[in-house]
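The letter at position 133 of the sequence shown is residue 136 when you use this note's numbering, and the numbering goes up by one with no holes.
What follows is a set of notes on a single structure, which appears directly below.
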Amino acid sequence: MRSTTNFPTALPWSNRWGLIAGIWIRSTTGIPYAVVMIWAANASAGHTKKTTVIALYHIGYGLGNIISPQLFRPEWKPRYRPTWIILLVVAAILPSIIIVVLRIYLSRENKRRDKLAEANQITSNGVVETVDSDGGKVALVVDNSQLDLTDKENLTL
4 MRSTTNFPTA
14 LPWSNRWGLI
24 AGIWIRSTTG
34 IPYAVVMIWA
44 ANASAGHTKK
54 TTVIALYHIG
64 YGLGNIISPQ
74 LFRPEWKPRY
84 RPTWIILLVV
94 AAILPSIIIV
104 VLRIYLSREN
114 KRRDKLAEAN
124 QITSNGVVET
134 VDSDGGKVAL
144 VVDNSQLDLT
154 DKENLTL
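Shown next, in the form of structure tokens:
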């Protein structure tokens with residue numbers, strides 16, 4: 004879908020239906036916004052991490068909306084070719100590279116966790132020590148979801 008960013012520069016002005024089709028297709032790219040936001044939040048464990056991920060996503064989205072209009076420079080009229088090239092790189096090429104790098108990283112992390120699981124080194128429970136009313140220590144076995152673990156520390160995530 005992101006390739007439709009090039010429609011304004013790739014098509015001649017006389018191809019009105021092609022240009023309007025590009026605008027219509029481009030307008031559907033808002034649909035993945037909600038999907039990606041929820042996907043990113045669900046990939047994190049814990050309320051604080053989820054809200055942080057959503058907040059960072061909204062901040063990035065807002066910054067993009069603030070910065071992108073500044074790319075429409077008067078000297079680049081009427082087609083704004085450099086603007087569309089910058090938007091294509093930032094909106095399509097850079098995210099594609101990030102996705103590939105993330106895929107490689109997560110694949111390696113999953114292989115590492117699989118090896119730990121085969122060696123029975125992963126537990127889904129942890130121990131929390133508390134103090135009872137008499138001042139004695141009490142050890143409670145709790146699920147990993149109740150522990151304050153990072154996503155990397157929680158190997159069952």
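Every residue gets a Cβ at the ideal spot worked out from N, C-alpha and C, and that includes glycine.
Since the model is a prediction, treat every value here as computed from it, not as a measurement.
Residue i versus residue j - alpha carbon distance
{"i": "Pro15", "j": "Leu22", "result": "8 Å"}
{"i": "Tyr60", "j": "Ala120", "result": "32 Å"}
{"i": "Gly67", "j": "Tyr83", "result": "18 Å"}
{"i": "Leu97", "j": "Arg106", "result": "14 Å"}
{"i": "Ala122", "j": "Ala37", "result": "39 Å"}
{"i": "Asp146", "j": "Leu152", "result": "11 Å"}
{"i": "Val131", "j": "Thr32", "result": "46 Å"}
{"i": "Ile62", "j": "Lys155", "result": "24 Å"}
{"i": "Arg19", "j": "Ile88", "result": "21 Å"}
{"i": "Lys140", "j": "Val134", "result": "5 Å"}
{"i": "Glu112", "j": "Ile125", "result": "14 Å"}
{"i": "Leu109", "j": "Tyr64", "result": "24 Å"}
{"i": "Val39", "j": "Ile100", "result": "16 Å"}
Own chain partners of residue i with C-beta closer than 7 Å, once the 5 adjacent residues on each side are dropped
{"i": "Ile102", "result": "none"}
{"i": "Asn157", "result": "Ala48 and Asn147"}
Expected contact under 8 Å - CB spacing of residue i and residue j to nearest Å
{"i": "Leu74", "j": "Leu91", "result": "Actually they are not in contact, since the Cβ atoms of Leu74 and Leu91 sit about 11 Å apart, beyond 8 Å."}
{"i": "Leu150", "j": "Gly129", "result": "5 Å"}
For residue i: DSSP bridge partner residues
{"i": "Val141", "result": "Thr133"}
{"i": "Asn128", "result": "Asp146"}
Cut-off 6 Å between Cβ atoms - residues of its own chain near residue i, not counting five sequence neighbours on either side
{"i": "Ala44", "result": "Lys53, Val56 and Ile57"}
{"i": "Arg5", "result": "Below a pLDDT of 50, predicted positions are generally treated as unreliable, and Arg5, at 47, falls in that range; the measurement from the model is reported next regardless. Hits under 6 Å: Ala94 and Ala95."}
{"i": "Ile34", "result": "none"}
{"i": "Ile41", "result": "none"}
Neighbourhood of residue i by C-beta distance below 8 Å, restricted to the same chain and skipping five residues each side
{"i": "Thr86", "result": "Leu74, Phe75, Arg76 and Trp79"}
Contiguous alpha helix (DSSP H) assignments of at least 4 residues, all confined to the stretch 47-80: Within the stretch 47-80, the complete alpha helix (DSSP H) runs of at least 4 residues are 50-70.
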